[in-house]
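For the sequence shown, counting from 1, position 323 maps to 507 in my numbering; every step adds exactly one. Every residue, glycine too, gets a C-beta built ideally from N, C-alpha and C. The next block holds one structure in the form of structure tokens; read it before the comments.
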Amino acid sequence: MTELTTVTLASNELHQLIQTKLEKAGLHSSHADEVAKHLTFADACGIHSHGAVRVDYYAERIAKGGVTLDPKTTFEKTGPSTGIFHGDNGVGQYVANEALKEAVQMVKESGVAVVGISKMSHSGALSYYVKQAAEQNLIGIAMCQSDPMVVPFGGSENYYGTNPIAFAAPRKEGAPIVFDMATTVQAWGKVLDARSKNKEIPDTWAVDKDGKPTTDPHKVHGLLPISGPKGYGLMMMVDILSGVLLGLPFGKRVSSMYDKISEGRNLGQLYILIDPSRFTDLEEFKEKIELTVADLHDIKPAEGFDQVYYPGEISVLNYEKSQAEGIEIEKNIYEYLKSDTVHFDQYGGKGAFAE
Ligand code: NAI
């Protein structure tokens, strides 16, 4: 009989394990709760690259002082539809949620809200935030900076981060549509996930220290942008909007996840929220999103595909399934979560591509 390498947990069980670990690392209970909700959501959606696999790293950064435990956050309204949320390097999920609340309030007043977040730590899967906006009948767009670990198109040294973009819109029936992607072929977390499973990665994801494609997740030294120059252009756009625009370090100056683990990361994130009812009839808008979904579902699948999914649908289906059947995580992550070990002291000072 082959030994199981994964365990299936109820959502509240996984949440509790993560929360307890982060509290042991030093995070306040309410902040730990927000991070736990977020990571549990990511695993439930099948975004394992941004789920419980991150707890060990978060715990180490928190325990070593790289996250402000009592952040003095402020919201600076800079115009009727613009503002900057100052995160004081509080834990990313807490800061991102607080900023989102400000952006939602602003969009309800002015129809559009462009809110930047200045100085935060890693905020995880962006879908979590835009989904909340869409649940309030808003269109949500989010993007954020990430460590410089991507080779520019035609280059052999890293410059931009995996700079993700997420989009969500409400539909008439069912959960909002949510599309969320890194601008690299794969998010760095997918490499981490492959490391935790000791699995090879496709040779299209990343390059080694000599700039050559690699299938060994432990040898990754630079990730590749999606679709060559196009993904490269998108990551520049994200860097300008969530870094340069907010007066934050940009490009290769963005802090590394594992370097200087006892200092704040000073990362940026940007929300663009739009109230569809300022442009069209809200119900009509939602019906048309519903029709878009139906149109896409009606398209005859190509050979080798069972059906056409709307962008992001896979994650929504994973989420629904996991609420009914439980969330699958790697056994080694589960063992760590229920152990007394707060963190394995394995990231600090090792640079972006810590072994
Ligand atoms: P991915 O490649 O797994 O999926 C990208 C999108 O495509 C998702 O919305 C997914 O649902 C959709 N999709 C996948 N297969 C599909 C299919 N057959 N039909 C229709 N849609 C399909 O995601 P990726 O690029 O690996 O990003 C993972 C996560 O990493 C995201 O949540 C992103 O926000 C997060 N991230 C966060 C960073 C941070 O610093 N906070 C940095 C980079 C990524």
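Review point. Can you give the Cα-Cα distance for L432 and K522, rounded to whole angstroms?
Key: Looking at the two C-alpha atoms, the distance is approximately 38 angstroms.
Review point. Between F363 and H527, what straight-line distance do the alpha-carbon atoms span, to the nearest angstrom?
Key: 32 angstroms
Exercise for review: May I ask which residues mark the beginning and end of the beta strand (DSSP E) holding G263?
Suggested key: T258 to G263
Point to revise | Contact test: P401 Cβ vs ligand 1 heavy atom, cutoff 7 angstroms | key: Outside the cutoff, so no.
Practice item. Answer yes or no: the CB of D364 versus the heavy atoms of ligand 1, is any distance below 7 angstroms? Key: yes
**Study point:** Same chain, Cβ closer than 6 angstroms to Y241, neighbours up to 5 away in sequence not counted
**Key:** Y531
Point to revise | Local Cβ density within 10 Å of D551, reported as buried at 16 or more and exposed below that | key: What is shown of the chain runs 185 to 539, which leaves residue 551 out entirely.
Practice item. Return the bridge partner residues of S302 from the DSSP annotation. Key: H270 and G452
Point to revise | Segments of 4+ residues assigned as alpha helix (DSSP H) that fall wholly inside the region 279-327 | key: Runs of the alpha helix (DSSP H) inside the region 279-327: 311-318.
Review point. If we ignore side chains and look at the alpha-carbon of each, how far apart do S213 and S302 end up?
Key: Distance between the alpha carbons of S213 and S302 is about 23 angstroms.
Review point. Is the CB-CB distance between L322 and V291 below 8 angstroms?
Key: yes
Exercise for review: Quickly, what does DSSP pair P397 with across the bridge? List them, please.
Suggested key: V391
Point to revise | Straight-line Cα distance separating E218 from K205 | key: 13 angstroms
Point to revise | Whether M365 touches I349 by CB criterion (8 angstroms) | key: yes
Check your understanding: Counting along the chain, where does the alpha helix (DSSP H) carrying E467 start and finish?
Key -> L466 to D482 is the span of the alpha helix (DSSP H), which, as asked, contains E467.
Point to revise | ligand 1 heavy atom lying under 7 angstroms from the CB of H306 | key: yes
Review point. DSSP state of G339, grouped into three classes?
Key: coil
Point to revise | Residue nearest to P340 in terms of C-alpha spacing, selected from L407, E319 and Q316 | key: As written in the sequence, residue 340 is Ser, which differs from the Pro given in the question. Residue L407 is the option with its Cα nearest to S340.
Practice item. Please indicate yes or no: does the CB of T346 lie closer than 7 angstroms to some heavy atom of ligand 1? Key: yes
Check your understanding: Taking DSSP as the reference, what is the three-state secondary structure of L430?
Key -> It is helical.
Practice item. Locate the beta strand (DSSP E) running through F489, then write down its first and last residues. Key: Per DSSP, F489 belongs to no beta strand (DSSP E) and is neither H nor E.
Review point. Buried or exposed: which applies to H481, given that a residue is buried once 16 or more other Cβ atoms fall within 10 Å of its Cβ?
Key: exposed
Check your understanding: Hey, quick one: how far does the beta strand (DSSP E) through F351 stretch, first residue to last?
Key -> I349 to A353
**Study point:** For D387 and T399, believed in contact at Cβ under 8 angstroms, the rounded distance
**Key:** 5 angstroms
Exercise for review: Look at the alpha carbon of I142 and the alpha carbon of L451, and state the distance between them as a whole number of angstroms.
Suggested key: In the structure as shown, the chain begins at 185 and stops at 539. Residue 142 is therefore absent and cannot be evaluated.
Check your understanding: Hey, how far is the Cα of I511 from the Cα of K383?
Key -> 21 angstroms
Review point. If you draw a straight line from the alpha carbon of V391 to that of Y442, how long is it in whole angstroms?
Key: Rounded to the nearest angstrom, the two C-alpha atoms are 19 angstroms apart.
Review point. When the Cα atoms are used, what is the spatial distance from K374 to S461?
Key: If you draw a straight line from the Cα of K374 to the Cα of S461, it comes to about 37 angstroms.
Practice item. Confirm, please, whether the CB-CB distance from L418 to A297 is below 8 angstroms. Key: No, the pair does not count as a contact, with Cβ atoms beyond the cut-off.
Exercise for review: State the Cα-Cα distance for the pair D227 and H234, rounded to the nearest angstrom.
Suggested key: 7 angstroms
Check your understanding: Under the DSSP definition of a beta bridge, which residues are partnered with G546?
Key -> Since the first residue shown for the chain is 185 and the last is 539, residue 546 is missing from the structure and cannot be characterised.
Exercise for review: For D394, count neighbouring Cβ atoms within 10 angstroms of its own Cβ and tell me buried if that reaches 16, exposed if not.
Suggested key: With fewer than 16 Cβ atoms within 10 Å of its Cβ, D394 is classed as exposed.
Exercise for review: Classify Y344 as helix, strand or coil using the three-state DSSP reduction.
Suggested key: strand
Review point. Along the chain, which unbroken stretches of the beta strand (DSSP E) at least 3 residues long are found entirely within the region 201-230?
Key: none
Point to revise | Close beta carbons around P495, own chain, < 8 angstroms, minus the five adjacent residues each side | key: Here the set comprises I361 and F363.
Practice item. Please confirm whether A247 and A216 have their CB atoms less than 8 angstroms apart. Key: no
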